[in-house]
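Line by line, the protein sequences give chains A and B.
In this note's numbering, each number is its position in the first sequence, counted from 1, plus 642.
In this note's numbering, each number is its position in the second sequence, counted from 1, plus 30.
Even glycine gets a Cβ: it sits at the ideal position worked out from N, Cα and C.
To start, the structure under review is shown below, and the notes come after it.
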Amino acid sequence: MPEAKREGRGPAAIPIRAGIGLRAPHAREMIDSRPDIGWVEVHSENYFGEGGQPHHFLERIRADYPLSLHGVGLGLGSAAPLDLDHLRKLARLIRRYDPGLVSEHLCWSATAGRHLNDLLPLPYTEEALAHVCARIDEAQNTLGRRLLIENISSYLQFRHSTIPEWEFLAEVSRRSGCAILLDVNNIYVNAVNHGFDPLAYLAAVPAAAVQEIHLAGFDDSGPCLIDTHGAPVADEVWSLYRETIARLGPYPSLIEWDTDIPSLAVLLAEAAKAAQVLEEAHALAA
Amino acid sequence: MPSLPELQAAFARAVIERDERPLADWIVAGRGADAQARIGVYRNNVFWNYRKTLDEVYPVVLALVGKAFFNRAADTYARRYPSRSGDLSDFGGKFGECLAGWPPAAQLAYLTDIARLEWAVECVFHAADAALLDLHALAAVPQQDLPSLHFGLHPATHIVCSPYPILRIWKVNQPGFSGNQKVLLDEGGDALLVIRRGGSVELERLSPGELALLQALAADLPLAQAHARAREAEPDIDLATFLQRHVPGGTLVAFRNDKGSTT
C-alpha cells in the first residue's frame with residue numbers, strides 16, 4: 643500500500659497493531675496525552691459536519707496517528723437507492739483526512755420512505771448477494787478505492803436464506819473485490835444466537851481479503867446476545883480472537899466501545915490486551 | 031418467499047408500527063427466542079438509538095420534562111417524522127415542530143422555542159469555519175460606498191427569538207448551575223445570537239435594533255437600508271457600536287461592495 647505522506651501529517655497506512663475507536667469524550671485527552679497506540683478509527687458520519695471543534699480535534703489526531711474511517715450509515719444492502727449525498731460527504735471526508743482504511747457494514751438500513759439507522763440483517767440469498775455486490779461496486783467506483791466490508795451481529799435469521807453467512811461474506815468479497823473487516827465479537831454473538839461453530843466461520847474467511855479486525859463487548863441480559871459495544875471484550879471473544887490470529891494471521895485490531903463509554907485508560911488497557919496477542923503472533927512468526 | 035424490497039418494507043413496518051405480519055412468518059423460530067422477541071430486539075435498538083440521539087441534542091428539553099415524558103416524545107417523533115438520512119445528526123431538526131403539535135406538550139408553550147434554540151446550538155456547533163472579516167480591506171472602502179455595502183454572517187451563527195425568557199430557562203438547566211432556578215414565563219422574551227466562539231457555542235442577547243440589523247444584513251440588504259430598519263426597532267441604535275461588536279466579534283465575516291471590490 644503506498645504511503646500518502648503529507649507535510650505535518652503521519653503516514654496513512656494502518657499498521658498491524660492495536661487501535662481504538664475514538665469517541666468525542668476522549669478526543670481532548672488523546673491530543674494532550676498522545677498515548678502509544680497504533681492507530682485510531684472514527685465513525686465517518688460523526689464528521690459529516692462542515693467545521694467546528696470535531697474537525698479541529700480530528701485534524702490534530704490525524705497529525706499523530708494513522709486514521710481509519712468506519713461508516714455506519716450507508717446501508718449498502720438497502721433495496722432503496724444508494725444515498726448519493728451520503729456518498730458525496732464520505733468522499734469529501736476521505737479527501738480531507740487521507741485515511742488508511744475505509745469501511746462499511748454488510749447490512750441494510752433504509753427503505754424508500756424511512757431510515758432505520760441500524761445495522762439490519764440481509765437474507766442470505768442469491769438475490770441479496772447480487773444486490774449488495776452491485777452496491778459495493780457502485781460505492782467503490784464512486785469513491786475510487788477499495789472498501790472494507792464488516793460482518794454484523796444479528797438477532798434473527800430468515801427462513802428463505804440459502805447461503806451460510808460465512809459463505810455469503812466470502813462471496814461478497816470475491817465478487818465485488820472488497821476487503822473484509824472481520825468483527826470477531828459479531829462472529830461469536832451470531833454463533834451463540836444462531837447456533838453455529840465459530841471455527842467453521844473462520845475456516846471460510848479468505849485470509850488474503852481481511853484487512854482489519856474489530857473487538858467489542860456484548861450484552862447477554864436479553865433474549866439473545868446483543869452487540870452493544872458497551873462492555874469489556876468477553877473472555878470467549880478473546881479466545882476466538884487468538885484463534886483468528888493463529889489461523890488467518892495478524893491484522894490491525896480495533897477496540898470499539900460506544901455505550902457506557904469508560905475512561906480512555908480503560909479503553910487503552912483493552913487495546914493493550916489485543917496488542918499482546920499480536921506481539922505473541924509476531925514472536926511466533928519470527 | 032419475499033423479494034428483498036418486500037422483506038425490508040415489512041421489517042420497517044414491524045419495527046416502527048408494530049405490524050409484525052408477515053415478517054414474523056419469515057423468521058426462523060427457536061433457540062430460546064421466538065420471532066416476536068427477535069423483532070423486539072431490533073425495535074428496542076432502533077428506538078433506543080433515536081432517544082439517545084435526541085437527548086444528546088436536547089438536554090434542556092429533557093431536563094424540563096423528565097426522562098419518561100421525553101422518551102414518549104422521542105418515540106412519537108421517530109414515528110411521525112421518519113429519519114431520512116444515514117447520518118443521525120440530520121435526525122432531530124423538527125423535534126420542536128413535533129412538540130408544538132403534540133397534545134401532551136400543549137401546556138408547555140415555551141418547550142418548542144427551547145427545542146428550536148437547542149437545534150440552533152447543534153447546527154452552529156457543526157457549521158463551517160470562516161475567517162474573520164478583513165479589517166484592512168473594510169477600512170479601505172471609500173466612505174461614500176459604506177451605505178451600499180452588503181455583509182455576510184458567519185456560517186456558525188443562528189438567531190433565535192421567543193416571547194419567553196429562553197436564555198434564563200437554558201442557563202438554569204445547564205449541568206452544574208447553582209443559583210435561583212425560578213424563571214417567570216412572563217418576565218420578557220429573548221432575541222439571541224447563537225454563535226460559535228473557540229469551538230464552543232455561546233448564547234448572547236441582541237437588542238431590538240441589533241436583531242433587526244443582523245436580520246436585514248442576513249437578508250442581503252445593504253448597510254444603509256439595514257440601519258434604517260434597525261432604527262424603526264430601536265431609534266437610537268448606533269451603527270459604529272454595532273459594527274464594533276459584530277465585525278471584530280466575528281458575527282459578520284464577509285462584505286461585498288456592489289460598486290467595487292469584494293472580500
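| I868(A) versus chain B: which residues are under 9 Å apart at the beta carbon? | Sequence index remark: in the first sequence, residue 868(A) carries index 226 (1-based). Result: V71, N74 and N75.
Give me the Cα-Cα distance between S710(A) and A821(A), rounded to the nearest whole angstrom.
The sequence position of residue 710(A) within the first sequence is 68, counting from 1. The sequence position of residue 821(A) within the first sequence is 179, counting from 1. C-alpha separation (whole angstroms): 14 Å.
* Mind checking whether F800(A) and I46(B) have CB atoms under 9 Å apart? -> As a first step, residue 800(A) must be located in the first sequence, where it is residue number 158. As a first step, residue 46(B) must be located in the second sequence, where it is residue number 16. No, the pair does not count as a contact, with Cβ atoms beyond the cut-off.
Requested in this report: Would you mind stating whether F125(B) and V76(B) have Cβ atoms separated by less than 9 Å?
Outcome: To locate residue 125(B), count along the second sequence from 1; it is residue 95. To locate residue 76(B), count along the second sequence from 1; it is residue 46. For F125(B) and V76(B), no; Cβs fall outside 9 Å.
- Query: What are the start and end residues of each continuous alpha helix (DSSP H) run of 4 or more residues lying completely inside the stretch 738 to 826 of chain A, in chain order?
  - Reply: 768 to 785 and 807 to 818
### Message
Rounded to whole angstroms, what is the Cα-Cα separation between F838(A) and Y797(A)?
### Response
In the first sequence, residue 838(A) corresponds to position 196, counting from 1. In the first sequence, residue 797(A) corresponds to position 155, counting from 1. Spanning the two alpha carbons is a distance of roughly 14 Å.
- Item | Where T753(A) meets chain B, residues with beta-carbon distance less than 7 Å | As a working mapping, residue 753(A) is identified with position 111 in the first sequence. Q38, A39 and A42, listed in chain order.
Handout entry: Close beta carbons around V919(A), own chain, < 7 Å, minus the five adjacent residues each side
Key = In the first sequence, residue 919(A) corresponds to position 277, counting from 1. Once the five neighbours on either side are set aside, the close Cβ partners of V919(A) are Y883, R884 and I887.
Could you tell me whether the Cβ of H276(B) comes closer than 9 Å to any Cβ of chain A? For the purposes of this step, residue 276(B) is taken as the residue at position 246 of the second sequence. With 9 Å as the cut-off, H276(B) does not count as an interface residue toward chain A.
Beta carbon of Y80(B), beta carbon of F121(B): below 9 Å? Residue mapping note: residue 80(B) aligns to position 50 of the second sequence, counting from 1. Residue mapping note: residue 121(B) aligns to position 91 of the second sequence, counting from 1. Yes, Cβ-Cβ distance for Y80(B) and F121(B) is below 9 Å.
Straight-line gap, T767(A) to F810(A) (C-alpha atoms, nearest Å) | Sequence index remark: in the first sequence, residue 767(A) carries index 125 (1-based). Sequence index remark: in the first sequence, residue 810(A) carries index 168 (1-based). Distance between the alpha carbons of T767(A) and F810(A) is about 8 Å.
* Asked: So what does V847(A) bridge to, in DSSP terms?
  -> By one-based count along the first sequence, residue 847(A) stands at place 205. In the DSSP output, where bridge partners are listed per residue, V847(A) has none listed.
Grouping DSSP H, G and I as helix and E and B as strand, with all else coil, what is F285(B)? As a first step, residue 285(B) must be located in the second sequence, where it is residue number 255. It is a strand residue.
Margin query: For the stretch 793 to 804 of chain A, list every residue whose C-beta sits within 7 Å of some C-beta in chain B, in sequence order.
Written below: Y797, L798, Q799, F800, R801 and H802
Positions along the stretch 151 to 163 of chain B whose CB lies within less than 7 Å of some CB in chain A: F155, H156, A157, A158 and D159
**Item:** Presumed contact (8 Å Cβ cut-off) between L141(B) and A150(B), rounded CB distance
**Value:** Locating residue 141(B) in the second sequence gives position 111, counting from the first residue. Locating residue 150(B) in the second sequence gives position 120, counting from the first residue. At roughly 15 Å, the Cβ-Cβ gap does not stay under 8 Å, so L141(B) and A150(B) are not in contact.
- Query: Buried or exposed: which applies to R146(B), given that a residue is buried once 16 or more other Cβ atoms fall within 10 Å of its Cβ?
  - Reply: Working through the second sequence from its first residue, we reach residue 146(B) at position 116. The residue is buried, with at least 16 neighbouring Cβ atoms inside 10 Å.
Neighbourhood of H685(A) by C-beta distance below 7 Å, restricted to the same chain and skipping five residues each side: Position 43 of the first sequence, counted from the start, is the residue given in the question as residue 685(A). Result list for H685(A): H712 and V714, in chain order.
_Cutoff 9 Å: G280(B) Cβ touching any chain A Cβ_ = For the purposes of this step, residue 280(B) is taken as the residue at position 250 of the second sequence. Not one chain A Cβ lies under 9 Å of G280(B).
For this session: Decide if the stretch 185 to 193 of chain B is in contact with the stretch 109 to 116 of chain B; the criterion is three or more beta carbon pairs, one per stretch, under 8 Å apart.
Result: no
Query raised in the report: What does a CB cutoff of less than 6 Å around A858(A) pick up in its chain, not counting 5 residues either side in sequence?
Result: What you label residue 858(A) is simply residue 216 of the first sequence in a count that begins at 1. So the list reads N827, H871 and E898, once near-sequence residues are dropped.
task = Please name the residues in the stretch 667 to 693 of chain A whose beta-carbon is closer than 7 Å to at least one beta-carbon of chain B, in chain order.
result = E687, F690, G691, E692 and G693
Sequence-distant residues of its chain with Cβ nearer than 7 Å to G123(B) (five each side left out): Locating residue 123(B) in the second sequence gives position 93, counting from the first residue. Here the set comprises W149.
Other residues of its chain near L163(B): CB distance less than 7 Å, five sequence neighbours each side excluded: Position 133 of the second sequence, counted from the first residue, corresponds to residue 163(B). Only V277, L282, V283, A284 and F285 meet the Cβ criterion.
* Could I get the ranges of all uninterrupted alpha helix (DSSP H) runs contained in the stretch 85 to 151 of chain B, with 4 residues as the minimum, in chain order? => 89 to 95, 97 to 110 and 125 to 130
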